[in-house]
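K.L.:
Chains as they are written, first to last, in numbering that gives the first Met the number 0: chain A, 0 to 482; chain B, 0 to 482; chain C, 0 to 482; chain D, 0 to 482. I'd like to ask you about the structure that follows.
There are 4 protein chains.
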Amino acid sequence: MSIKSGEEYIESLRKLNLEVYMFGKRVENPVDDPIIRPSLNSVVQTYELANRPEYEDLMTATSNLSGEKVNRFTHIHQSTRDLIKKVKMQRLLGQKTGACFQRCVGMDAFNAVYSTTYEMDQKLGTDYFERFTKFLEYVQKEDLVVDGAMTDPKGDRSLSPSKQEDPDLYLRIVKKQEDGIIVRGAKAHQTGMVNSHEILVMPTCAMREDDKDYAVCFAVPADTKGVRIIYGRQSCDTRKLEAGLIDRGNPKFGGHEALVVFDDVFVPKDRIFMQGEYAFSGVLVERFAGFHRQSYGGCKVGVGDVLIGATALISDYNGTEKASHIKDKLIEMTHLNETLYSCGIACSCEGHQTASGSYEIDMLLANVCKQNITRFPYEIARLAEDIAGGNIVTLPSEEDFESPEVGEWCKKYFVAKKEIPVMDRVKVSRLIENITLGTAAVGYRTESMHGAGSPQAQRIIISRQSNLEEKKGLVKEILDIEK
Amino acid sequence: MSIKSGEEYIESLRKLNLEVYMFGKRVENPVDDPIIRPSLNSVVQTYELANRPEYEDLMTATSNLSGEKVNRFTHIHQSTRDLIKKVKMQRLLGQKTGACFQRCVGMDAFNAVYSTTYEMDQKLGTDYFERFTKFLEYVQKEDLVVDGAMTDPKGDRSLSPSKQEDPDLYLRIVKKQEDGIIVRGAKAHQTGMVNSHEILVMPTCAMREDDKDYAVCFAVPADTKGVRIIYGRQSCDTRKLEAGLIDRGNPKFGGHEALVVFDDVFVPKDRIFMQGEYAFSGVLVERFAGFHRQSYGGCKVGVGDVLIGATALISDYNGTEKASHIKDKLIEMTHLNETLYSCGIACSCEGHQTASGSYEIDMLLANVCKQNITRFPYEIARLAEDIAGGNIVTLPSEEDFESPEVGEWCKKYFVAKKEIPVMDRVKVSRLIENITLGTAAVGYRTESMHGAGSPQAQRIIISRQSNLEEKKGLVKEILDIEK
Amino acid sequence: MSIKSGEEYIESLRKLNLEVYMFGKRVENPVDDPIIRPSLNSVVQTYELANRPEYEDLMTATSNLSGEKVNRFTHIHQSTRDLIKKVKMQRLLGQKTGACFQRCVGMDAFNAVYSTTYEMDQKLGTDYFERFTKFLEYVQKEDLVVDGAMTDPKGDRSLSPSKQEDPDLYLRIVKKQEDGIIVRGAKAHQTGMVNSHEILVMPTCAMREDDKDYAVCFAVPADTKGVRIIYGRQSCDTRKLEAGLIDRGNPKFGGHEALVVFDDVFVPKDRIFMQGEYAFSGVLVERFAGFHRQSYGGCKVGVGDVLIGATALISDYNGTEKASHIKDKLIEMTHLNETLYSCGIACSCEGHQTASGSYEIDMLLANVCKQNITRFPYEIARLAEDIAGGNIVTLPSEEDFESPEVGEWCKKYFVAKKEIPVMDRVKVSRLIENITLGTAAVGYRTESMHGAGSPQAQRIIISRQSNLEEKKGLVKEILDIEK
Amino acid sequence: MSIKSGEEYIESLRKLNLEVYMFGKRVENPVDDPIIRPSLNSVVQTYELANRPEYEDLMTATSNLSGEKVNRFTHIHQSTRDLIKKVKMQRLLGQKTGACFQRCVGMDAFNAVYSTTYEMDQKLGTDYFERFTKFLEYVQKEDLVVDGAMTDPKGDRSLSPSKQEDPDLYLRIVKKQEDGIIVRGAKAHQTGMVNSHEILVMPTCAMREDDKDYAVCFAVPADTKGVRIIYGRQSCDTRKLEAGLIDRGNPKFGGHEALVVFDDVFVPKDRIFMQGEYAFSGVLVERFAGFHRQSYGGCKVGVGDVLIGATALISDYNGTEKASHIKDKLIEMTHLNETLYSCGIACSCEGHQTASGSYEIDMLLANVCKQNITRFPYEIARLAEDIAGGNIVTLPSEEDFESPEVGEWCKKYFVAKKEIPVMDRVKVSRLIENITLGTAAVGYRTESMHGAGSPQAQRIIISRQSNLEEKKGLVKEILDIEK
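Next up, the structure:
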C-alpha cells in the first residue's frame with residue numbers, strides 16, 4: 000500500500016541525514032526543531048487527510064504508472080477532473096492548516112517534467128521520460144515529499160546565466176562523467192525543503208545555446224553529499240521559541256523556505272532528466288509555473304477561508320458583527336476569495352491533454368489566476384486588519400496575560416463580549432496577526448506575490464496568449480475593414 | 000428540423016402583430032425600423048451561427064424533451080458540459096456582434112422555470128411542470144425567441160408589492176377565470192422584447208402571503224391583445240437615422256430594452272406556470288438570476304474581446320503599439336476580461352443536478368461572477384478610452400469627412416500611420432465610442448451593472464452562501480477553541 | 000470697466016465672422032445654433048457670476064498689468080491665494096453648469112506664456128514678453144474668451160513633427176515675412192473654440208533643432224482669414240435638435256471641442272510670442288499642462304458635485320435613500336471627489352513664484368492631481384450608475400411620456416415615490432445619463448482622461464519629479480550604508 | 000530656553016519612575032531597554048532636529064502663550080501656515096526615522112483641548128481653559144512629551160460605556176473629592192506612552208447623560224501612582240534582543256503602543272479639563288481625531304518616502320532598475336504617496352480659526368485624508384514587496400551570513416550586482432521587511448488603518464460633512480425642479 004501515515008512520514012524523515020543550518024549553526028534534529036516543526040506538521044496533514052475516508056476522493060488517485068492508489072500529491076493528472084480535484088485538495092489543506100503545506104511544488108514539478116521529457120524523447124530520441132517515470136514510480140510507492148526546485152539566486156538580474164561574474168549564480172553542470180554529472184550552484188526560496196525526501200531540480204528560465212550547461216534537470220535525495228540547506232528566517236519566527244503557544248498565532252502549523260546549496264553534487268545518470276537540451280528549458284519552466292499558478296487558486300483560497308473565518312469570529316467576539324459595514328467587508332473578502340477559486344477551477348476545467356497523455360491546465364487562465372493572487376490576498380488581509388482592530392498589533396504578550404503582576408489587568412481590560420473567554424479573543428487576534436504580519440504572512444502575502452513567478456512573469460504569458468490578432472479580426476469583420 | 004435560419008426567423012417576426020411604440024408613435028413595421036434593426040441583426044446571429052458546422056457543437060444541443068437537435072438557446076442544460084458550452088456560445092456571440100444579442104433571458108428563464116415547476120409539482124401536486132414542458136417543446140420545435148420577463152417597475156423601493164399606492168406597480172392577477180387569468184402591470188428593461196415571439200413572465204422577488212396575487216408565472220405570445228411595448232431610448236440611438244453608417248459605431252449590431260405593459264391581458268390555463276404559490280417565488284427568482292449572472296460571464300466577455308481588439312487596432316493605427324504602457328494596459332484589459340470568463344466557466348463547471356434532472360450553476364460562484372461584471376467592464380472601458388485617445392469624443396461627423404467644403408481637411412488632419420486609410424481609423428474610433436459611450440455602452444456598462452440584478456442583490460446571495468460558520472469552525476479547530 | 004456681462008459677451012460673439020462647419024456644412028449663426036448653444040451658455044456663466052457680489056472674490060481679481068478689476072479667467076496669478084481661488088472658481092462653475100465651461104484653457108495659456116516669454120527675453124534678449132503683455136492687456140480690457148490651443152493632430156505617434164510624411168500634421172511656420180509669419184497646420188480637441196474671440200497657439204511638445212519651424216507661439220482673432228473650425232460631434236449631440244428638453248439631460252449647459260485648421264494664416268509680428276526658439280518649447284508645454292492639470296482639480300470636482308447631487312436625489316425619489324449600501328456609495332463618491340479637490344488645492348497652496356513674478360503650481364502635485372482625475376471620475380460615474388438603476392438607459396423618450404397613445408402608461412409605470420412628480424424623476428435620470436454616457440460624459444470622462452495630457456504624460460513628469468535619489472539617501476542614512 | 004536637546008530629553012526620562020511591564024515583568028530601566036529604545040530614538044529626533052538650523056522653521060514656533068520659541072510639537076496652531084508646517088514637520092520626521100515618532104498625539108491633543116475648553120468656558124462659565132493653558136505653558140517651557148490618550152478598551156462594542164458589564168471598560172470618575180477626582184479604567188493603543196512625561200486623557204466618544212462620569216479630560220505625570228503601563232508586543236519585536244543589527248530591519252528607530260491602566264489614580268483639580276460636561280465630549284473627540292487624521296498626511300508620507308527609497312535602492316542593487324514595469328511601479332508608489340501628502344496639505348490650507356483664536360483643519364478634508372491613509376500605504380507596501388522580490392521573507396539570518404560554516408555560501412549566493420556589497424543588499428531587504436511585515440508595519444499598516452479612528456469613523460464624518468442637500472440644490476437649479 001503506497002499511502003503512508005503521518006507517523007510513517009515523520010519516521011522516514013528522521014532517517015534522513017540532512018545538512019540544515021539556521022542562525023549560523025547546524026540543526027542536529029530538524030524534525031523536532033521548534034522553529035521548523037510547525038512546517039512539518041503542515042506536511043503531515045497531506046498524509047493524515049489521505050487516510051481519512053471523507054477526503055479519499057480528493058486526497059488520493061489511481062496511478063497511471065502502477066494502477067495503485069497513490070497520494071494525489073504524487074499523481075500525474077489524467078483528466079480535467081484530476082486537475083479540478085487537485086485545486087480542491089489544495090483548498091482543503093489550506094483550510095486545515097491556515098498555512099503553506101509545501102507539498103505542491105513537487106507535484107507540480109512531476110507533472111511538468113513528465114510531459115516535457117516525453118516530448119524531448121519524441122523529438123530528440125533521448126530516454127529521459129523512462130528515467131523520470133522510474134523515479135516517479137519510486138516516489139509514488141514510497142509516498143515521498145519532493146522539493147521541486149526551480150529558482151536560482153540569479154545575481155545581476157540584467158545579465159543572463161552565463162554572463163554573470165560568478166558563473167555559479169545559476170545552477171550548472173561543472174563536470175560530465177561517464178556515470179553522471181557534477182552540479183554546482185544553489186536554489187533559493189525552496190518551499191518545504193527540510194521536510195522533503197528528494198529534490199527535483201529544474202532550470203529557472205528559457206535558455207539559449209550560451210547557457211547550455213545551465214539547462215539541467217535531475218533528482219537527488221535531500222541528504223546527498225554536498226547539499227547544504229540554509230533555513231530562511233520569517234517574520235516572528237522566534238516566537239516559536241517562547242514558552243507560550245498563543246503569541247505564535249497559529250500554534251500548530253506553518254511553512255518554510257530555504258536556500259539549498261549544491262556544492263559539487265554528483266547526480267547519477269538515471270536521475271538526470273535534461274542535460275543541455277536548452278531548447279526545452281523554456282517549455283519546462285512554463286509548465287511548472289503554469290501548474291504552480293493553478294495551485295495558488297486552491298491553497299491561498301484555503302488560507303483565505305481561515306482568515307475570513309478568523310475575521311468573522313473576532314467581530315462576533317467584539318460585538319460588531321451586526322454593523323452593516325462589517326457585514327459588507329466580510330462579503331467583499333468572500334467575493335475576492337471566491338474569485339480566486341473561480342480562476343483555479345476555470346484553468347483546470349479548461350485544461351487539455353498533452354502528447355504524453357497527461358493533462359495540463361489552460362495556460363492563459365492559469366496565469367490570470369496567479370495574477371489575481373498577487374492582488375486579492377493583500378486586499379483580503381487589509382480588510383481583515385480593518386475588522387480586527389488595532390489589538391492585533393498592540394496586544395500585550397501571553398506572558399503578560401499570565402503574569403501575577405499584570406495578568407489581572409490584561410484580562411480585565413481585553414474582555415469584549417462578556418460571554419467570550421478573553422484568551423479566545425487573544426488567540427484569534429494573534430492568528431490574524433500571524434496571517435497578515437507574522438510567519439503565515441510570508442506565505443499568504445509575499446509568496447502570493449512571488450511564488451510561481453513574480454507578477455510581471457504572468458503578464459508576459461498573458462500577453463503572449465492574448466491572441467490580439469484574432470480579436471482585431473473580430474473588429475474588422477464587424478466594421479468591414481479589409482484585412 | 001427545428002433549427003431555423005436567420006431568414007426564416009425574420010419572416011416569422013413579420014407575421015407578428017406587435018404593438019410597439021417609439022418617440023410617442025406606433026411603429027408600423029418594427030422589423031425594418033432603422034433604430035430597431037441592429038438589435039434584430041444580433042438575434043439573427045443566434046440563428047445563423049447555429050447553421051454553421053464549425054459552431055454546431057456550441058450552438059446546438061439535443062433536446063431532452065424531443066431528442067431532436069435544437070438551438071441551444073432553447074435547451075434545458077443536461078450536464079455541466081452543457082453549462083460550459085452555454086457560456087462559450089455566449090462569448091462567441093458577443094464576439095460576433097459586439098453587442099447584446101438578447102436571446103439569453105429566454106434561455107435562462109426556461110431553465111429556471113423548468114426545475115422550479117418540477118419541484119412545485121412534487122411538493123404541491125400541481126401540474127405546472129407538464130404545462131411548461133409542453134410550452135417548451137413548442138418553443139424548441141419552432142425555434143422561438145422568448146423574452147424572459149422578470150423586472151417590475153417597483154414604484155417606491157421601500158415598499159413591498161401589495162403596499163404600493165398603485166397596486167399595478169408590480170404585475171399581478173386581477174381576475175381569475177375558469178379558463179385562465181387576467182393580469183395587469185408591466186415589466187421594465189425587457190431586453191430584446193421587440194424581437195421576441197413569446198413572453199415568459201416571472202415574479203420579480205421573493206414574496207409573502209400578502210403578495211400572493213403577484214406570485215404569477217406564465218407565457219403569452221408577444222402580440223397578445225393588451226400587450227403594449229414602449230421602446231427604451233439609448234445613448235446615440237438616433238445616429239441610426241442618419242445617412243452614413245460610420246458614426247453609428249457598430250454599423251450592424253445592437254441591442255434594445257423596452258417597457259412592456261400588460262393591460263388586462265388574458266392568459267389561458269395551460270400557459271400558467273405559477274398562480275399564487277408565493278413560497279416558490281423566491282426560488283424561481285434566485286434561479287433565473289443565477290443563470291443570468293452566469294450568462295454575463297460569457298456575453299460580456301465576448302463584447303470585451305471586441306473592445307480589446309478595437310483598442311489594439313487603434314493603437315496600431317496611431318503608431319503607439321510598441322509603447323510599454325500601451326502593451327501593459329492591453330494586458331490588463333485581457334487579464335480582467337479573462338478573469339470574468341474564469342468566473343463564467345467556474346460556476347458552470349461546479350454546477351449540480353436539480354431534482355428535475357436539469358443542471359444548474361453553482362450559486363455562490365455565479366453571483367461572484369456577476370459581481371465582477373459590475374466592475375471590470377467599467378475598468379476595461381476606461382483603459383480603452385485611455386489608449387484610444389480623445390478622438391473618440393471629438394471627431395467630426397461622417398458628413399464632415401464627406402463634405403466638399405471640409406472633407407479634405409478632415410481627411411488630411413486625421414491621418415495617423417500613413418499606410419492606414421483614414422476612414423478605417425475613424426471607424427474603429429467610432430466603435431470604441433459606441434461601446435464606451437454609445438448604444439452598446441448601454442449593454443456593456445449599465446446593463447453589466449443592473450442586468451440580472453443590481454450589485455447589492457449579488458452581495459446578499461454571496462453573504463447567504465458564504466458559510467461563515469464553517470469558516471469559523473476551521474479557526475476554532477486550529478486554535479483549539481471550544482465550539 | 001473691464002468686467003463684461005453675459006449679454007455683452009454674447010453680442011460680441013455675434014460680431015465675429017467665424018468659419019464653423021458641422022455635419023458637413025457651414026454654420027451661419029453659431030451663437031444661436033441649437034447644438035452649440037448650451038456650450039455658449041456655460042461660457043456665459045463665467046461672465047454672469049463675475050457680476051454677482053457673492054462671487055466677486057472668486058470670479059474677479061486685480062490685474063497686475065493695469066491695476067483694474069478683471070475677470071479671473073484673464074488674470075495672471077500673483078500669489079498662492081490666487082492659485083487657490085482659481086481652483087475654487089472652477090469648482091463653482093462646474094457646480095453651476097454640470098458641464099465644461101471652456102474658459103480655462105485660455106487662462107492657463109496666459110499664465111504659461113507669461114512666465115515663459117519673460118524667461119526667453121531674459122536669456123535671449125527677445126521682446127516676446129512685452130508683446131505678450133500688450134496682448135494680454137487687450138484681453139483683460141475687453142474681457143475676452145481665448146482658446147488656448149496646444150494639441151496638434153500628430154499623425155504617426157511614433158514619429159517626431161519633422162519626420163511625418165505630411166509636414167503639416169504639426170502646426171508650423173511655412174513662410175517668414177518682414178511683417179509676420181504664415182502658419183499652416185491644425186489644432187485638435189479645441190475646447191470652446193466656437194465661443195472664443197481669440198486663439199492663443201502654443202507648440203505641442205518639447206522640440207529639437209530639426210523641429211524648429213514647429214516651435215511657434217502666437218495669437219490671432221478667431222475669425223482670421225484661413226482659420227476653419229470643424230465642430231466635433233459628441234455622444235447624444237442631436238438630442239439638442241429634438242423638440243423636448245428633458246432627453247437632453249442637461250437642458251441648459253454643455254461643452255464642445257473642435258478641430259481648428261490653419262490654412263496659411265498670417266500672424267502679424269506683434270502677435271508672435273515664440274518663433275523658432277525650440278529650447279523653450281518644452282518649458283511652455285510643461286507649464287501650460289501643469290496649470291491645466293491643476294484646473295481639473297476644480298472643474299471636474301464641481302461637475303462631480305452635480306453628479307453626486309443627482310445621484311442622491313434619484314435615490315430619494317426611488318425610496319432607496321436609507322439603504323446602508325446606498326449611503327455608503329454616496330460617501331465613497333464624496334470621498335473620491337474631495338480627494339480630487341484636495342489635490343487641486345494642494346498643488347496651488349504649494350505653488351511658487353516664477354522669475355516673471357507670477358505664481359505657478361507645484362508641478363509634482365499638479366501632475367498627481369491630474370493622474371487621479373484620469374481615474375476617480377470613472378469610479379464616481381460607475382457608482383452613480385449603480386445607485387441610479389437601469390432606468391437611465393432604458394427610459395422611453397420624452398415624446399413617449401407626452402404621447403396621447405402611451406403617455407399615460409409611461410407616467411403610470413415610472414412613478415416611484417408617490418409624492419415625487421414622475422417627470423422630475425425622468426429629468427434627474429436623464430441628467431445622470433448625460434454625465435455618464437451623454438454629451439457631458441465627453442467632458443467628465445474622456446476629457447478627464449486626455450485633457451491636459453494623457454495619463455502617461457503625467458507619469459513621466461511624476462517620475463522626473465519624484466526625486467528618488469534623495470529618497471535613497473534617506474535609506475542609506477538610516478541603514479549606515481555608504482553613499 | 001525651552002528647546003531641549005535630545006540628551007536632555009533622555010536624561011529627563013531617566014528621572015521618571017514609570018511602572019512599565021513587558022513579557023510579564025516590570026521593566027526596571029525603560030530608557031535602555033533594547034526593545035523600547037528604538038522608539039525612544041525616534042522621539043529623540045523630534046528634539047535633535049529642532050536644534051538644527053536648517054529645520055528650525057519647521058520644527059519650532061513662537062508660542063502664543065509665552066512669546067517664546069517652542070518645539071512645534073507643543074505649539075497651538077496660529078494660522079493655516081502653522082497647520083501646513085506641522086504636516087511638513089511630520090513628513091520630515093517620517094523620512095528621518097522610517098518609523099512612528101509618537102509625539103503627534105500630544106500635539107493634537109493640545110490643540111483639541113485648547114479650543115474645546117475655551118468654548119466650554121464661554122458657554123458654561125467654567126475655568127478649564129485657564130487650567131489647560133497653565134498646564135500647556137509648563138509643557139512648552141519644559142519641552143515635554145505628552146501622551147494624548149483617547150481610546151478606551153471598549154469591551155462589547157455594541158454597548159455604550161455605562162451599559163458594559165464591567166463599568167471600568169471605559170475610563171471614568173469613581174470618586175469626586177474637594178481637591179480633585181479619582182479615576183479608574185484604561186487607555187489602549189497608547190502610542191509612545193513609555194517615552195512620555197505626561198498623559199493627557201480625553202474621552203473616547205460622544206456621550207449622553209447616562210455616561211456623564213465617563214466625560215472626563217485631565218493630565219497627570221506619567222509616573223503618577225496607580226498608572227501602570229503594559230507594553231504591546233509587535234511583529235518581530237524580539238529581533239531587537241538578538242546580537243546583530245541587520246535583521247532588525249531598522250537598526251535605529253521604531254515606535255510602540257501600550258495599554259495604560261489607571262488604577263484609582265488621583266487627579267488634582269487644576270489638572271482637570273472636563274468633568275462631566277458630556278455635551279462637549281463629542282466635539283473634543285472630533286477635533287482630536289481631525290487633527291490626528293491630518294497628521295497622518297505627513298508622518299505616513301515620510302515613512303512612505305523611506306519605503307519608496309528602499310524599493311528604488313533594492314531594484315538598483317538587483318539590476319532591475321531599467322525595466323519599464325519597475326519604473327512604472329515606482330511612479331505609482333510616488334503617485335499614491337503624494338496624493339496622501341496633497342490631502343494633508345489641503346486640509347491644512349483650508350483650515351479656519353476657532354473661537355479661541357487657534358486654527359483647526361478643514362474637517363471634511365482631514366477625514367478624506369485619513370480615509371486614503373487606510374488604503375494607499377497598503378498598496379504602496381504591496382508594490383514594494385513586488386519590486387523587492389521574495390528575499391525579504393526568505394533570507395537567512397544575519398548569524399548565517401556571519402557563520403564560519405555557511406557564511407561564505409550565503410555571501411556567494413546573495414550577491415546581485417557585483418559592485419554592491421552583499422550585506423548592503425541584505426540591509427535594504429530587511430528594512431523593506433521591517434516596514435511591510437515587521438515592527439514598522441505596525442505603524443505603517445495597521446496604525447494607518449486604525450490610528451485616529453478606524454475607517455468607518457471617517458466615513459461617518461464624511462457623510463455628515465458632505466452637504467448632500469446643497470448638491471441636490473445644484474441639480475434642481477440646472478433642471479428647473481421646484482425645491
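In this text, a Cβ means the ideal position worked out from N, Cα and C, and glycines have one as well. Remember, predicted model here, so these are calculated numbers, not experimental data.
For Tyr358 (chain A) and Arg463 (chain A), what's the separation of their Cα atoms in angstroms?
P.N.:
21 Å
K.L.:
Assuming contact is defined by CB atoms lying nearer than 8 Å, are Thr353 (chain C) and Ile431 (chain C) in contact in what I supplied?
P.N.:
Thr353 (chain C) is not a Cβ neighbour of Ile431 (chain C), given a cutoff of 8 Å.
K.L.:
Between Pro454 (chain B) and chain C, is there a C-beta pair that is closer than 8 Å?
P.N.:
yes
K.L.:
Quick check: the stretch 19 to 36 of chain B against the stretch 336 to 343 of chain B, are there 3 or more CB pairs under 8 Å?
P.N.:
no
K.L.:
Where does the unbroken alpha helix (DSSP H) through Arg183 (chain A) begin, and where does it stop?
P.N.:
Segment 179 to 186 is the beta strand (DSSP E) holding Arg183 (chain A); no alpha helix (DSSP H) there.
K.L.:
Would Thr333 (chain B) pass as an interface residue toward chain A - the criterion being a Cβ-Cβ separation below 8 Å?
P.N.:
yes
K.L.:
Cα-Cα, which of C:Asp385, C:Lys482, C:Phe375, C:Leu363 is closest to Gln457 (chain C)?
P.N.:
Answer by Cα proximity: C:Leu363.
K.L.:
Less than 8 Å separating the beta-carbons of His291 (chain C) and Ala451 (chain C)?
P.N.:
Yes, the pair counts as a contact, with Cβ atoms nearer than the cut-off.
K.L.:
What are the partner residues of Tyr20 (chain A), as DSSP defines its beta bridges?
P.N.:
A:Arg25, A:Ile229
K.L.:
Pull up the CB-CB distance for Thr150 (chain D) and Thr203 (chain D), whole angstroms please, since I reckon it's below 8 Å.
P.N.:
6 Å
K.L.:
Report the partner residues of Val260 (chain A) according to the DSSP bridge assignment.
P.N.:
A:Ala185, A:Arg227
K.L.:
Would you say Asp327 (chain A) reaches chain C, if we count a Cβ-Cβ gap shorter than 8 Å as a contact?
P.N.:
yes
K.L.:
What residues from chain B crowd round Pro376 (chain A), counting only those whose CB sits closer than 7 Å?
P.N.:
The contacting residues do not exist; Pro376 (chain A) stays about 15 Å from chain B at best.
K.L.:
List the DSSP bridge partners of Val215 (chain C).
P.N.:
Answer is C:Gln274.
K.L.:
So for Glu359 (chain A), helix, strand or coil by DSSP?
P.N.:
strand
K.L.:
Below 7 Å CB to CB, which residues in the same chain sit around Phe261 (chain C) once its five sequence neighbours on both sides are set aside?
P.N.:
Leu170, Val182, Arg183, Gly184, Ala185, Gly225, Val226
K.L.:
If you measure from the beta carbon of Arg183 (chain D) to each beta carbon in chain A, is any gap under 8 Å?
P.N.:
no
K.L.:
Chain D beta carbons: is any one of them nearer than 8 Å to that of Lys239 (chain A)?
P.N.:
With 8 Å as the cut-off, Lys239 (chain A) does not count as an interface residue toward chain D.
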